[in-house]
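Report on the structure given below.
Number of protein chains: 2
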Amino acid sequence: MIIDCHGHYTTAPKGLQAFRDSQLAGLKDPKHVPSKGTLKITDDEIRESLENAQLKFQRERGTDLTIFSPRASGMAHHIGDATTSLHCSQHCNDLIHRVCSLYPENFVAVCQLPQSPGVPPSNCIQELERCVNELGFIGCNLNPDPSGGHWTAPPLTDKYWYPFYEKMVELDVPAMVHVSASCNPNFHTTGSHYINADTTAFMQFLTADLFKDFPTLRFIIPHGGGGVPYHWGRYRGLAQDMNRPLLVDLIRNNVFFDTCVYHLPGIELLLKIVPMDNILFGSEMVGAVRGIDPETGFYFDDTKRYIDSVTWLSGGDRKKLFEGNARRVYPRLKL
Amino acid sequence: MIIDCHGHYTTAPKGLQAFRDSQLAGLKDPKHVPSKGTLKITDDEIRESLENAQLKFQRERGTDLTIFSPRASGMAHHIGDATTSLHCSQHCNDLIHRVCSLYPENFVAVCQLPQSPGVPPSNCIQELERCVNELGFIGCNLNPDPSGGHWTAPPLTDKYWYPFYEKMVELDVPAMVHVSASCNPNFHTTGSHYINADTTAFMQFLTADLFKDFPTLRFIIPHGGGGVPYHWGRYRGLAQDMNRPLLVDLIRNNVFFDTCVYHLPGIELLLKIVPMDNILFGSEMVGAVRGIDPETGFYFDDTKRYIDSVTWLSGGDRKKLFEGNARRVYPRLKL
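Chains A and B supply the protein sequences, listed in that same order.
If you're matching positions, the first sequence starts at 1 in my numbering and goes up one per residue.
If you're matching positions, the second sequence starts at 1001 in my numbering and goes up one per residue.
This is the structure in structure tokens:
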């Protein structure tokens, strides 16, 4: 089985945007009383939104199962308050649950969290429990910067996050470290904010003893680990200068990179540098880059093709990359 | 000649820190009247600070000339106000000038700018002119985030920066895009803030028409271009999705990466992916990573060794990397 650990519902029917527009309009009206509102989307609309996108690409590219979550840039935790974020998250997560119920062999669910700037992440525990215990979700996306590019929250290694981590450990679910849209004009959402957040999170993990406190806590750093594999020597050197553990020991059971790197030389570097036990196949499809690479004639985000063309990978390595590691990181995945 | 485009005076005599300590103490005293103060450093102290560090490494590694600037993390533009920053910059730049006067065959000078959060960069024109016209400097380090990790300035492509760019163009000097110390606990200075800033700047350049307005403006993005070469496919794809020019056309005469990447696979990726005309040899020596790589027995930041071991580089490519491109980007370099 080939498991894609990184897919978002970027093609959701327009009813989702209608809900969000109505919610945002309410925020601008001082007399508006926040309410959860309703999402008007039919099962047929869901089917249609997937058949010509994620499902088509699964068939064409030969992947089987996508670990699927709400659109990352749509989380926009910086908008409104914790109630805004809760209502939006519940709708988005319910929608993902419907996708996974309609296509139980193609999608398995990961949830968005109702984070909000300045609100301790313990406020997300209830929604995580609902998604995992009631709806069968197997993980969550955790935003290290709910402010959307202003980076006002404490680092992921701060005790601020610990109550939420305790729940993750109890439920045995991992988190993908995933920021959302940037509202800071310095950062392009998918071009720099995403990649920066990946690099930032890794360095936070490198400089603290989080995994001594939580030996079974697991994070996936998406987008191939941001800038980290390219600068692996820098990070090995910094760790050594600071008397920190070897990187391979530091990440062994706790930090994993996906393969959302959109050209062969980048994928080759990733597979050469990062231990094979710490890489999960992912494509971010349908995601940040939608086009076809004129140099290859194939979609930029068809990352399976790059991996398939790395001839020195053993069969055992491929098995880990495409399935085994995902099953280890997401033990609630039972398919 | 082998020109290292990226060296900082990280080993400055303790008199520099004494000046800075006194300046910072003054900031805490409400009765203190800011004054430029003095820097008590002898020529012998300067010689000693370099002989067992940068000069030793130049000899050992076989490099000839370092394009040399004040310690980047020491700029700390977020501390104090524009006057604080001006006094500090003037001392740091004068010190670099003394280094270059003592060792005119080993060092050529690049200046720190008196940036300050919320202060338009036009306030740096005078110090740039002083350094270039009076002291023979050949470039500057431009900090895209004087707030030190809060990213409160407009993007580098905003007209906010244009008056300073006009002066850079007039003087025909390039800028290395280089942030300073992070005062945001999310960002480790050399581990994530530096790399993030590189990635951020590139994406800003990709999404705007800055180089249509300034066809001869030149930036060096240090640390191997941050996360960019590793994600080159992502950036090619994003540019295509946004109907932007091809990356190679976008950067051709305006954006250059150095080779501060501290392992061979990273250097190989850089040299394979980025056009050879847009790469300048650099080591950041003595800089972010001070140690010896136990896997090779050589210093992590001895980047010349990595390049030397890339067998497929032609003689012409090596000449560009080590000398030709630097002379093109820094036309005031006359040695």
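Note that beta-carbon positions come from the ideal geometry of N, C-alpha and C, so glycine has one too.
Quantities reported herein were computed from a predicted structural model and do not represent experimental measurements.
A straight line joining the alpha-carbon of Asp-1094(B) with that of Asn-1141(B) spans about 15 Å.
Residues of chain B whose Cβ lies closer than 7 Å to the Cβ of Gln-240(A) are, in chain order, Gly-1291. By the CB criterion at 7 Å, His-1097(B) and Ala-1109(B) fall inside the cutoff. By the Cβ rule, the region 1053–1066 of chain B counts as touching the region 1301–1314 of chain B, because three or more pairs are nearer than 8 Å. Scanning chain A for C-beta atoms nearer than 8 Å to the C-beta of Thr-1311(B) yields nothing, as the closest lies near 17 Å away. Under the 7 Å criterion on CB atoms, Phe-281(A) is classed as non-interfacial with respect to chain B. Judged by pairs of C-beta atoms under 8 Å, the region 234–253 of chain A does not touch the region 23–34 of chain A, as fewer than three such pairs exist. Pro-229(A) reaches chain B at Tyr-1230, counting residues in chain order whose Cβ is nearer than 7 Å.
Ranked by how close their Cα comes to the Cα of Thr-1011(B), the residues Met-1001(B), Asp-1241(B), Gly-1139(B), Leu-1055(B) have Leu-1055(B) in first place.
Runs of the alpha helix (DSSP H) lying entirely within the region 1114–1148 of chain B, each at least 4 residues long, are 1125–1129 in chain order. Here Arg-1244(B) really is in contact with Thr-1207(B); their C-beta atoms are around 7 Å apart, less than 8 Å.
Ala-109(A): member of the beta strand (DSSP E) spanning 107–111, first to last residue. The beta carbons of Pro-117(A) and Tyr-160(A) sit about 13 Å from each other, so the pair does not count as a contact at 8 Å. Phe-298(A) and Ile-1221(B) have their C-alpha atoms spaced approximately 30 Å apart.
Taking 7 Å as the threshold, the shortest C-beta distance from Pro-185(A) to chain B falls below it.
Interface with chain A (7 Å Cβ-Cβ cutoff): Arg-1234(B) is included. Looking at the DSSP output, Phe-257(A) sits in a beta bridge with Ile-221(A), Ile-279(A).
With its beta carbon less than 7 Å from one in chain B, Pro-265(A) belongs to the interface. Nearest CB-CB separation between Met-176(A) and chain B: not below the 7 Å threshold. The Cβ atoms of Phe-1300(B) and Val-1310(B) lie no closer than 7 Å to each other. Within chain B, the residues placing a beta-carbon under 8 Å from that of Met-203(A) are Phe-1187, His-1188, Gly-1191, Ser-1192, ordered along the chain. The beta carbons of His-1188(B) and Met-203(A) sit closer together than 7 Å. Counting only the Cα atoms, Ile-292(A) lies some 38 Å from Asp-81(A). Here the C-alpha atom of Pro-1146(B) lies approximately 21 Å from the C-alpha atom of Leu-1217(B). With respect to the C-alpha of Pro-331(A), the residue from Val-228(A), Ile-267(A), Ile-138(A), Glu-323(A) having the closest C-alpha is Ile-138(A). If you check the CB distance, Met-1285(B) and Gly-1007(B) come in under 7 Å.
Between Gly-1118(B) and chain A, the shortest Cβ-Cβ separation is not below 7 Å.
Ser-69(A) and Pro-13(A) do not touch by the CB rule: their CB atoms are close to 17 Å apart, not below 8 Å.
Under the three-state reduction of DSSP output, Pro-1070(B) falls in the strand class. The Cβ-Cβ distance between Arg-327(A) and Leu-335(A) does not fall below 7 Å.
For Gly-1007(B), DSSP records a beta bridge to Phe-1068(B). Less than 7 Å divides the Cβ of Pro-114(A) from the Cβ of Ser-89(A). Going by DSSP, Ala-175(A) is part of the beta strand (DSSP E) stretching over 175–177. Distance from the CA atom of Arg-1318(B) to the CA atom of Leu-271(A), rounded to whole angstroms, is 28 Å. For the region 1143–1172 of chain B, the set of residues with a beta-carbon nearer than 9 Å to any beta-carbon of chain A comprises Pro-1144, Asp-1145, Gly-1149, His-1150, Trp-1151, Thr-1152, Ala-1153, Pro-1154, Pro-1155, Leu-1156, Asp-1158, in chain order. Within its own chain, the residues whose Cβ lies closer than 8 Å to the Cβ of Ile-1002(B), once the five positions on either side in sequence are excluded, are Gly-1062, Thr-1063, Asp-1064, Leu-1065, Phe-1281, Lys-1304, Phe-1322, Glu-1323, listed in chain order.
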